[in-house]
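These notes concern the structure reproduced below.
In full-length UniProt numbering, the protein residues as written are 1 to 331.
Structure below.
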């Protein structure tokens, strides 16, 4: 009885502290780890308390009760094994590649890294328009120079917006959700590449649904679309009559956005690694290999998915799928 009196407050206080620690945790990765601890540790010591300490304290020797203990512990052990396989605890998960990718993304997911990638993309646009402005000034065509500088301003604004959004030491992507028209996000992203597409003679076809409003972060989602478009443009060789197709369509209750290009494609050996942080198919040392891993992280935070298929020499298709619960209206 003394042992029961001593261990009862210990068990219940420990359970309360573990539960409170999990419930109040804001960092999603740490919260998941604490939930695993809650699910695994708490049932174990409560099982010892209920089936060992209490019967010993009250001298329960009922044969039926004692015979059921192996069954209870057997079922508990089976549930424990199923849980660790399904949840990935201790690294035991069927989809090991997905779990490795998630762990890698946590290493990569710093504000500095994402900001560097954003700046790299936008600097290319700014440089392009200012070269046009420089040529226009040399030709004394001030109207063309003014238009080129005006075209560069959205890229500068976008960098400024991302700087405000990302802290110097970001723990993970945090959404600023509101109701947005997905068509507007897509068209705004495409518009930012009009000058580059025209200069490289790349045709773009955009097919949208009539009206799709979603609960989402329009800035981060726009950055995902821009990253994919940037990759599509870079995949098309200079001088080729390239084509990029942007299609918005339904898959049952979900909405899918597909961006398809007629570029050089991705080799099979590299296709399985393209969403790993810091991995890039481009040999340019200025490329940080952060684009697609960032896209994956944003889509995951939106409870969506990103799927990439590619045929080397033919082109690449990237499909973003948004769950039904994100969709507010869809014509």
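From the three backbone atoms N, C-alpha and C, an ideal C-beta is built for every residue, glycine too.
- prompt: Are residue 321 and residue 225 closer than 8 Å when you measure CB to CB?
  reply: Translated into the one-based positions of the chain shown, residue 321 becomes position 321. Translated into the one-based positions of the chain shown, residue 225 becomes position 225. In this structure, the beta-carbon distance from residue 321 to residue 225 does not fall below 8 Å.
- request: Would you check if the segment 236-254 and the segment 198-215 touch, i.e. whether three or more CB-CB distances between them fall below 8 Å?
  value: Below 8 Å, enough C-beta pairs join the segment 198-215 and the segment 236-254 to call them touching: three or more.
query: Are the beta-carbon atoms belonging to residue 315 and residue 269 less than 8 Å from one another?
result: Working through the chain shown from its first residue, we reach residue 315 at position 315. Working through the chain shown from its first residue, we reach residue 269 at position 269. Not in contact: residue 315 and residue 269 (Cβ atoms no closer than 8 Å).
- request: Identify whether residue 59 lies in helix, strand or coil by the three-state DSSP scheme.
  value: Position 59 of the chain shown, counting from 1, holds the residue named residue 59. DSSP places residue 59 in coil when its eight states are reduced to three.
task: Please list the segments of the alpha helix (DSSP H) lying wholly inside the segment 227-276, counting only runs of 4 or more residues, in order along the chain.
output: Correct list: 268-271.
Inter-residue Cα distance where the pair is residue 8 and residue 49: One-based indexing of the chain shown puts residue 8 at position 8. One-based indexing of the chain shown puts residue 49 at position 49. Rounded to whole angstroms, the separation of the alpha carbons of residue 49 and residue 8 is 8 Å.
query: My guess is that residue 18 and residue 38 are in contact by the Cβ rule of under 8 Å, so how many angstroms apart are they, rounded?
result: The residue given as residue 18 occupies position 18 in the chain shown. The residue given as residue 38 occupies position 38 in the chain shown. In this structure, residue 18 and residue 38 form a Cβ contact; the two beta carbons are roughly 5 Å apart against a cut-off of 8 Å.
field: Cross-strand partners of residue 203 (DSSP beta bridge)
entry: Against the chain shown, residue 203 aligns to sequence position 203. DSSP lists 243 as partners of residue 203.
task: Measure the Cβ-Cβ separation of residue 219 and residue 161 and say whether it is below 8 Å.
output: Position 219 of the chain shown, counting from 1, holds the residue named residue 219. Position 161 of the chain shown, counting from 1, holds the residue named residue 161. Result yes, Cβ atoms of residue 219 and residue 161 sit closer than 8 Å.
message: Alpha carbons only, please: which of 257, 308 and 300 is nearest the one belonging to residue 265?
response: The residue you call residue 265 lines up with position 265 of the chain shown. The option with the nearest alpha carbon to residue 265 is 308.
query: According to the Cβ coordinates, are residue 149 and residue 122 closer than 8 Å?
result: By 1-based counting over the chain shown, the position of residue 149 is 149. By 1-based counting over the chain shown, the position of residue 122 is 122. No, the Cβ-Cβ distance between residue 149 and residue 122 is not below 8 Å.
query: Looking at the structure shown, is residue 74 part of a helix, part of a strand, or coil, going by DSSP?
result: Reading the chain shown from its first residue, position 74 is the one you call residue 74. In the three-state reduction of the DSSP assignment, residue 74 falls in the helix class, which pools H, G and I.
- request: Assuming residue 129 contacts residue 192 (C-beta within less than 8 Å), just tell me the rounded distance between them.
  value: Locating residue 129 in the chain shown gives position 129, counting from the first residue. Locating residue 192 in the chain shown gives position 192, counting from the first residue. About 11 Å separates the beta carbons of residue 129 and residue 192, which is beyond the 8 Å limit, so they are not a contact pair.
message: Below 8 Å on the Cβ atoms is my contact criterion, and I expect residue 181 with residue 212 to pass it. Report the Cβ-Cβ distance as a whole number of Å.
response: The residue labelled residue 181 in the question sits at position 181 within the chain shown. The residue labelled residue 212 in the question sits at position 212 within the chain shown. Contact holds; Cβ gap of about 7 Å.
message: Tell me the residue span of the alpha helix (DSSP H) that contains residue 298.
response: Translated into positions along the chain shown, residue 298 becomes position 298. Segment 291-301, the alpha helix (DSSP H) holding residue 298.
query: Measuring CB to CB, does residue 319 end up less than 8 Å from residue 258?
result: Position 319 of the chain shown, counted from the start, is the residue given in the question as residue 319. Position 258 of the chain shown, counted from the start, is the residue given in the question as residue 258. Yes; because the gap between Cβ atoms is below 8 Å, this pair is in contact.
- request: Look at the alpha carbon of residue 188 and the alpha carbon of residue 22, and state the distance between them as a whole number of angstroms.
  value: Position 188 of the chain shown, counting from 1, holds the residue named residue 188. Position 22 of the chain shown, counting from 1, holds the residue named residue 22. A straight line joining the alpha-carbon of residue 188 with that of residue 22 spans about 40 Å.
query: So, helix, strand or coil for residue 153, using DSSP?
result: To locate residue 153, count along the chain shown from 1; it is residue 153. Collapsing the DSSP output to three states places residue 153 in a helix.
message: Under DSSP, the alpha helix (DSSP H) around residue 320 begins and ends at which residues?
response: The count along the chain shown starts at 1 and reaches residue 320 at position 320. Unbroken run through residue 320 is the beta strand (DSSP E), 315-322; no alpha helix (DSSP H).
Alpha-carbon to alpha-carbon, residue 312 and residue 234: For this step, residue 234 is matched to residue 234 along the chain shown. For this step, residue 312 is matched to residue 312 along the chain shown. Distance between the alpha carbons of residue 234 and residue 312: 14 Å.
message: For the alpha helix (DSSP H) containing residue 185, name the first residue and the last one.
response: Within the chain shown, residue 185 is the residue found at index 185, counting from 1. Per DSSP, residue 185 belongs to the alpha helix (DSSP H) from 182-191.
Closest Cα partner of residue 120 within the set 231, 267 and 241: Counting from one through the chain shown, the residue named residue 120 turns up at place 120. Nearest option by C-alpha distance: 231.
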